[in-house]
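A short worksheet on the structure shown next.
4 protein chains.
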Amino acid sequence: MTTNTTNRGVVYKGAGKVAVESIAYPELAIGNRKCDHGVILKVVTTNICGSDQHMVRGRTTAEEGLVLGHEITGIVVECGRDVEFIQQGDLVSVPFNIACGRCRSCKEGKTGICLNVNPARPGAAYGYVDMGGWVGGQAEYVMVPYADFNLLKFPDADQAMEKIRDLTLLSDIFPTGFHGCVTAGVGPGSTVYIAGAGPVGLAAAVSAHLLGAACVIVGDMVEDRLVQARSFGCETIDLTQEGDMADKIEAILGEREVDAFVDCVGFEAHACGCNHGKEAPATVLNSAMSLTRAGGQIGIPGLYVTEDPGAVDDAAKQGALSMRFGLGWAKSHSFHTGQCPVMKYHRPLMQAILFNKVKIADAVNVEVISLDQAPNGYAEFDGGAAKKYVIDPHGTVAA
Amino acid sequence: MTTNTTNRGVVYKGAGKVAVESIAYPELAIGNRKCDHGVILKVVTTNICGSDQHMVRGRTTAEEGLVLGHEITGIVVECGRDVEFIQQGDLVSVPFNIACGRCRSCKEGKTGICLNVNPARPGAAYGYVDMGGWVGGQAEYVMVPYADFNLLKFPDADQAMEKIRDLTLLSDIFPTGFHGCVTAGVGPGSTVYIAGAGPVGLAAAVSAHLLGAACVIVGDMVEDRLVQARSFGCETIDLTQEGDMADKIEAILGEREVDAFVDCVGFEAHACGCNHGKEAPATVLNSAMSLTRAGGQIGIPGLYVTEDPGAVDDAAKQGALSMRFGLGWAKSHSFHTGQCPVMKYHRPLMQAILFNKVKIADAVNVEVISLDQAPNGYAEFDGGAAKKYVIDPHGTVAA
Amino acid sequence: MTTNTTNRGVVYKGAGKVAVESIAYPELAIGNRKCDHGVILKVVTTNICGSDQHMVRGRTTAEEGLVLGHEITGIVVECGRDVEFIQQGDLVSVPFNIACGRCRSCKEGKTGICLNVNPARPGAAYGYVDMGGWVGGQAEYVMVPYADFNLLKFPDADQAMEKIRDLTLLSDIFPTGFHGCVTAGVGPGSTVYIAGAGPVGLAAAVSAHLLGAACVIVGDMVEDRLVQARSFGCETIDLTQEGDMADKIEAILGEREVDAFVDCVGFEAHACGCNHGKEAPATVLNSAMSLTRAGGQIGIPGLYVTEDPGAVDDAAKQGALSMRFGLGWAKSHSFHTGQCPVMKYHRPLMQAILFNKVKIADAVNVEVISLDQAPNGYAEFDGGAAKKYVIDPHGTVAA
Amino acid sequence: MTTNTTNRGVVYKGAGKVAVESIAYPELAIGNRKCDHGVILKVVTTNICGSDQHMVRGRTTAEEGLVLGHEITGIVVECGRDVEFIQQGDLVSVPFNIACGRCRSCKEGKTGICLNVNPARPGAAYGYVDMGGWVGGQAEYVMVPYADFNLLKFPDADQAMEKIRDLTLLSDIFPTGFHGCVTAGVGPGSTVYIAGAGPVGLAAAVSAHLLGAACVIVGDMVEDRLVQARSFGCETIDLTQEGDMADKIEAILGEREVDAFVDCVGFEAHACGCNHGKEAPATVLNSAMSLTRAGGQIGIPGLYVTEDPGAVDDAAKQGALSMRFGLGWAKSHSFHTGQCPVMKYHRPLMQAILFNKVKIADAVNVEVISLDQAPNGYAEFDGGAAKKYVIDPHGTVAA
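Chains as they are written, first to last, in the UniProt record's numbering: chain A, 1 to 399; chain V, 1 to 399; chain G, 1 to 399; chain H, 1 to 399.
As structure tokens, then:
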């Protein structure tokens with residue numbers, strides 16, 4: 001048992017603002033609900049995620065005071081009485097989706113839509129609007145419920161600390177990008193297009209390579225991000241340039257369509273080519289139907305929302321998009337959506353990291369910052385920096 | 001070799017009109033392309049399909065003179081010189097999708113998007129606009145290319161003739177409905193909603209039962225069709241009635257959502273409840289997202305088109321639909337589109353018929369008519385008759 | 001909380017003997033290991049299983065005093081403090097495999113090989129030798145650990161009691177037979193051979209029908225069991241009769257091989273035809289390779305053991321069988337073994353029962369007996385009675 | 001059309017002997033069966049396979065005069081009249097399994113057990129005893145039937161010739177090793193044991209890496225082969241050394257079992273450790289059950305035969321092996337056997353080669369030899385050389 005009772009975390013302060021503040025030290029409870037199945041973690045690393053930006057930009061109904069952060073790695077400092085297989089001192093990765101391990105969804109491996117952790121709808125996360133009210137982990141300490149079920153323990157803590165820049169990505173973006181590729185049907189020999197070269201897009205590109213793809217093409221409008229993609233063997237397309245996308249793909253592949261398409265952009269998509277910069281929420285999905293071969297699959301890890309108060313038009317405000325669905329139908333496409341069920345993938349991806357099969361941190365350009373640097377990290381990331389910001393609240397990560 | 005050189009067939013004569021006329025006796029060729037791999041069939045049965053109605057209603061760019069019909073069962077009367085395993089006298093079912101058996105798609109089992117049979121796009125069919133120019137089979141005789149690959153031979157012709165009313169449905173609607181269920185993830189114990197109780201919807205409902213579904217709910221606006229659905233154990237919802245769909249589902253299941261949803265309506269969908277009758281092309285897809293449980297799959301055998309000159313608005317004319325995609329994303333839905341690859345299913349479904357496992361003809365209410373009655377059959381079907389019209393051009397089917 | 005502290009159960013008393021005796025009232029613990037995640041059930045029904053017979057016949061190292069019974073349905077009378085979603089008064093089905101819900105196997109859905117419930121090896125069960133030491137449930141009361149994870153709650157207890165003769169089979173044999181069929185690749189239109197018409201074999205035959213099989217052939221040496229199989233539409237082969245098996249299959253199917261083969265016999269197999277009666281542990285597996293078509297799958301729910309002290313020869317004593325593996329290789333067979341992970345199937349199979357899709361109790365010929373009749377039930381079952389004995393310890397099941 | 005009518009090939013001359021002799025120039029026929037669907041290839045490369053050695057060692061009933069060779073890459077010099085999509089001048093890879101593309105097996109993608117190419121049993125190959133009588137391709141020219149279906153055309157012949165040392169392995173060993181891994185369930189993050197470091201074993205190891213395996217362990221008794229395995233990142237175990245296998249695996253992985261096991265040895269297996277050298281046909285299969293974790297899969301591309309006249313005991317002569325099947329059952333293993341259906345994999349693996357994703361030729365240590373050097377190649381390979389011999393009959397491969 002720890003006797004520490006102080007805590008600090010990154011707090012949403014209204015559109016465009018975050019601040020590091022004192023917050024409550026976590027309890028083994030959420031409101032009146034006891035969490036004897038939970039543990040308290042001393043946070044070792046916690047990453048800033050693109051989906052945090054949706055809130056910080058004021059694109060959601062998030063209220064001021066919300067403690068941010070759903071990408072968490074930490075050391076167990078206290079175990080609830082129902083915790084049996086996780087022990088104090090374990091170094092663990094926390095899946096961003098909170099799951100009970102006892103409902104129909106969890107038993108089917110669909111931990112992204114657990115039925116018991118969010119009264120409003122299936123699925124929950126730490127520090128996120130409408131996701132169950134669980135306190136975020138961009139903090140010194142955080143509580144993780146259903147710890148035996150949720151946590152992935154690293155087999156050797158010392159070895160893990162040496163690879164912590166990579167392992168910290170197991171809580172969200174590596175599995176999320178991987179899930180996008182799996183649902184797009186990427187496998188050995190595939191040709192793949194990844195829409196978006198932010199951290200999730202780059203993680204998807206790494207995943208496509210790990211899955212054996214023959215050629216991975218990444219498209220984005222930020223040159224620095226495309227540089228990252230090329231650094232580990234991807235082909236790239238600069239979407240600020242004019243020209244027909246199919247021509248550009250043919251120049252790379254010798255064919256005008258790809259086998260698999262992964263949308264790592266989501267609803268805040270912008271038009272490309274001469275209109276780049278204008279928000280166009282269905283543009284990536286419509287491109288997917290154009291550029292994916294008949295019989296191909298479209299993986300959609302990028303977030304689409306049920307309501308978007310800041311959308312460009314009324315339809316989009318209600319989450320309605322103008323999709324050229326008939327084109328997809330004519331090509332027998334399938335479309336795969338939703339939050340990644342991290343638990344399905346984090347153990348094998350951990351193994352890939354521990355046995356030096358992938359270098360995910362380099363690929364997404366991890367930059368470790370202190371907790372106090374978090375607001376700055378948010379600002380730089382929002383500005384398009386081709387980096388993945390990893391907060392190190394206790395200064396435990398070696399330089 | 002047959003010496004017969006006369007032939008008659010059902011011909012599209014412009015919006016709202018079909019006629020039975022003399023047409024050319026088939027050759028083992030299409031234009032200049034030789035089809036020594038083809039056979040000529042004496043047609044035993046050939047069914048009128050809902051998708052034929054799209055053309056006959058003038059909803060497509062089909063030209064006058066097109067010979068209709070893609071649901072064909074027949075006896076082989078002549079074999080091209082390169083046919084090796086099919087013989088004269090064989091009684092065979094013809095998949096509506098024409099496939100070469102030699103391209104990448106065919107080798108992957110995706111015969112609905114064969115790359116070698118339609119210069120315009122992947123996928124072809126008999127007697128259908130934009131589907132490769134192959135002559136339709138609502139006729140006395142028809143040519144089937146790549147016969148060794150395409151045809152399903154019934155093991156015993158006499159036994160098959162006794163079940164011909166069932167077996168005739170193997171060319172399209174039984175596999176199509178089945179494919180809808182398979183892609184929706186229907187399995188033992190599933191709860192399923194089938195949108196539409198036309199022949200494909202009823203075939204999907206039969207398929208859901210065959211796949212072991214616990215409860216199959218069928219929704220339509222035509223009472224006679226719902227009567228059909230109830231005749232083989234389905235629950236039904238009359239869409240002309242007011243009321244919340246989730247309430248109606250709860251009254252049947254005790255739960256407000258189904259495990260699996262099959263859209264057997266497609267782009268000519270109409271609003272239900274108080275607005276029933278108004279065309280609303282995305283209404284079924286949006287209902288699917290509302291009524292399917294998180295983690296569920298949505299099978300879409302109903303046709304969505306790339307262009308619809310007769311659509312209610314400009315967006316729909318270009319095949320663009322207003323989809324509440326964010327809702328589907330929040331529930332981790334997947335969407336499965338496209339023509340059914342009949343060959344994937346026709347053999348096992350034939351077995352299910354031959355061993356008396358299913359009674360598909362009764363379920364869809366087959367009515368056998370002569371070739372000369374075909375125009376009348378088209379008219380009655382367009383009027384909403386709860387029947388599946390099967391043309392018997394040679395009077396071979398026992399009364 | 002219940003204050004009852006008496007309990008009675010079926011106890012193994014040495015080779016060939018069982019007796020009903022007073023046993024300890026269950027605690028929320030196993031030895032020193034606390035089970036605050038457990039519940040205590042008042043047993044409503046608990047079935048005698050063929051695998052219990054292996055112990056009772058003295059074919060295992062089971063020690064006298066072992067309380068038997070792993071097929072359990074009951075009402076929750078006490079919940080451990082960490083149980084969150086199961087409540088007192090719930091009527092529940094207990095999977096025979098005990099699983100923690102927190103290890104790698106459980107997270108992968110492989111609850112039959114849970115890593116945390118048996119120090120000796122992966123996988124545990126109630127009342128079974130070498131399966132973790134958990135007390136059996138052929139008793140008035142029993143403790144179930146990890147209750148939130150393991151238990152399947154029936155949605156409506158009154159409705160469930162009306163179908164309790166069917167629902168009681170969800171704890172083992174229905175899922176076990178179903179798993180055999182699933183791993184054998186049974187699906188719509190399949191032809192299937194089920195080796196053995198004991199309760200598991202009959203449950204597999206029901207499952208094959210539920211999965212849409214076109215023709216299900218059941219082989220056994222006991223005519224009464226074959227009568228059961230025919231009662232729900234199976235074809236049967238009497239293995240005491242002379243003649244070539246392939247000939248017999250051809251007489252039924254018109255083909256000499258089946259698509260799928262399910263071995264519901266296991267290591268205590270006996271030769272058929274003129275040698276019937278002689279134990280021949282590999283005979284079913286070798287038949288499977290002969291009678292299954294090239295490319296087919298062989299599901300093996302029947303138990304094969306690592307050691308068999310009572311075996312006919314030294315090799316079999318060490319679990320080594322003489323398999324014609326080269327024949328299977330030439331036909332590209334795959335072989336699927338192991339305990340059924342009941343949790344993967346019990347919910348959908350419950351739905352199939354509750355919506356009247358299957359009549360499993362009639363198929364296996366359930367006979368409800370009192371606890372005191374249990375020893376007699378064991379004896380009759382061992383004598384080959386074509387019945388499934390269901391013990392009703394509290395007289396709760398309506399006649 | 002070519003006018004060449006001379007041909008030379010590698011001919012089996014009785015146990016232990018092969019010779020290069022004049023053989024007939026191929027016709028578009030096999031016996032009386034016309035093959036207008038076939039093409040004649042000028043052989044560019046044709047590899048010596050371990051399974052050829054079974055014949056050459058006299059372990060089969062192969063008759064003298066048989067022309068060897070089933071691993072073939074070539075240029076089309078003549079097309080039968082039914083060939084539509086393959087053209088003269090195409091550079092193509094030939095799957096070793098001959099398949100018609102028109103039977104039930106082929107339509108299901110199971111080209112290794114085609115029903116129409118071998119009167120004796122499902123499945124055929126070039127130049128192999130009991131595999132249909134098709135003439136082998138270790139020759140200057142060879143006939144390939146059903147060319148549109150069987151052949152994989154390289155998209156750019158010049159580019160392909162630059163990678164011909166890699167591409168020549170698409171006809172058998174690369175897909176075969178890959179199939180072993182796929183059926184063993186290898187995926188991202190897996191730990192894998194490959195039994196045998198001959199060319200198929202090394203190809204399996206490359207495949208495991210391509211599939212994303214975290215750690216690939218290869219076991220063999222020949223140090224040179226283990227050197228090859230280490231050259232591309234595998235861990236190795238020298239089977240001539242004493243010691244417990246589980247200990248050796250634990251030293252590498254930190255765990256005593258692997259996730260997936262691939263048997264690339266087959267029926268000519270030898271005992272390891274102190275008994276190495278003694279033939280022990282079930283030893284690899286029994287090791288597989290010991291060393292694979294509960295719930296794991298065992299892929300068995302290594303050949304097991306129905307009859308083995310040269311076996312060590314009577315049981316093995318009839319293809320019967322003494323398997324500890326009960327151990328596999330206790331661990332819920334599945335076993336996957338049979339010839340690799342090359343067509344399922346050759347296109348994606350070609351892509352992986354053409355886009356520089358794998359270096360398979362280096363991994364298996366390809367050595368290009370002339371046709372006249374073939375007998376020497378056989379001898380060296382039989383002696384355990386850690387090489388893959390590729391015959392270049394026309395001297396077309398650049399040095």
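By construction, the Cβ of each residue, glycine as well, lies at the ideal position given by its N, Cα and C atoms. On a predicted model such as this, the values are computed, not experimentally measured, just so you know.
Terminal residues of the beta strand (DSSP E) in which A/E380 lies | In this chain, A/E380 is not harboured by any beta strand (DSSP E); it is covered by the alpha helix (DSSP H) spanning 374-382.
Chain-order list of residues whose beta-carbon lies under 8 Å from that of V/A386 (same chain, five-residue window excluded) | A197, V222, D224, R225, V227, Q228, N365
Shortest alpha-carbon distance to A/E307 belongs to which of A/I300, A/G299, A/Q318?
-> A/Q318
List the residues of chain H whose Cβ lies closer than 8 Å to the Cβ of G/K110, in chain order.
-> Taking a Cβ-Cβ threshold of 8 Å, the residues of chain H close to G/K110 are A294, G295, S332, in chain order.
Can you pull the chain A residues whose beta carbon is under 7 Å from the beta carbon of G/M343, in chain order?
-> Within 7 Å Cβ-Cβ: K107.
Using the beta-carbon of each residue, which ones in chain V are nearer than 8 Å to A/W134?
-> Near A/W134 there are no residues of chain V at all, since even the closest Cβ is about 17 Å away, more than 8 Å.
Among the residues of its own chain, which have a CB less than 6 Å from the CB of H/T396, if the five just before and after it don't count?
-> Taken in chain order, the residues that qualify are V44.
Compare the C-alpha of V/F232 against each of V/L202, V/P122, V/P301 and name the closest.
-> V/L202
Cβ distance (whole Å) where H/V20 is taken to contact H/S171 below 8 Å | Their Cβ separation, rounded to whole angstroms, is 20 Å, which puts H/V20 and H/S171 out of contact at 8 Å.
Relative to the ligand MG, is the shortest distance from any of its heavy atoms to the C-beta of G/C35 smaller than 7 Å?
-> Summarising the ligand content, the structure contains no ligands, and the ligand MG is consequently not present.
What is the rounded straight-line gap between the Cα of A/Y25 and the Cα of A/L152?
-> 23 Å
What residues of chain A sit near V/M323, judged by a beta carbon separation below 7 Å?
-> A320, L321, M323, F325
Alpha-carbon to alpha-carbon, A/E78 and A/M1 = Confidence in A/M1 is poor, its pLDDT being 48 and thus under 50, which makes the residue's placement unreliable; the coordinate value appears in the next sentence. Approximately 5 Å, taken between the alpha carbons.
Where A/P199 falls, given that 16 or more other Cβ within 10 Å makes a residue buried | buried
Do you know offhand how far V/A124's Cα is from V/S22's?
-> 24 Å
Tell me whether A/P301 is buried or exposed, calling it buried when 16 or more other Cβ atoms sit within 10 Å of its Cβ.
-> buried
The beta strand (DSSP E) with A/D259 in it runs from where to where?
-> Looking at the DSSP string, the run of the beta strand (DSSP E) that includes A/D259 is 258-263.
For H/G254, I'd like the list of residues in its chain whose CB is within less than 8 Å of its CB, leaving aside the five on either flank, ordered along the chain.
-> none
In three-state DSSP terms, what is V/L211?
-> coil
Contacts around V/S190, its chain only, beta-carbon distance under 6 Å, and the 5 residues preceding and following it disregarded = A213, D259, A260
Using beta-carbon positions only, say whether residue 410 of chain G and G/V129 come within less than 8 Å of one another.
-> The requested residue 410 of chain G does not occur in the structure, where chain G is confined to residues 1 to 399.
Return no unless some Cβ of chain A is closer than 8 Å to the Cβ of V/L211.
-> no
So, does the CB of G/V305 fall closer than 8 Å to a CB anywhere in chain H?
-> yes
Are the Cβ atoms of G/I353 and G/I369 separated by less than 8 Å?
-> no
Could you name each continuous alpha helix (DSSP H) segment of 4 residues or more that falls completely within the region 247-330 of chain H, going from the start of the chain to the end?
-> Entirely contained in the region 247-330 of chain H, the alpha helix (DSSP H) runs reaching 4 residues are, in chain order, 283-291, 314-317, 325-330.
Exposed unless 16 or more other CB atoms sit within 10 angstroms - verdict on V/Q87 | Label assigned to V/Q87: exposed.
Between the region 218-239 of chain V and chain G, which residues of the former have a C-beta closer than 7 Å to a C-beta of the latter?
-> The region 218-239 of chain V vs chain G, Cβ under 7 Å: nothing.
Closest by C-alpha distance to H/M131, when choosing among H/L291, H/L68, H/T183, H/D372 = Among H/L291, H/L68, H/T183, H/D372, the Cα nearest to that of H/M131 is on H/L68.
For V/T5, which residues of its own chain have a beta-carbon under 6 Å away from its beta-carbon, when the five flanking residues on both sides are left out?
-> Y25
H/G101 versus chain D: which residues are under 7 Å apart at the beta carbon?
-> Absence of chain D from the displayed structure is noted, the protein chains being A, V, G and H.
Runs of alpha helix (DSSP H) lying entirely within the region 159-217 of chain V, each at least 4 residues, in chain order = 164-167, 173-183, 199-210
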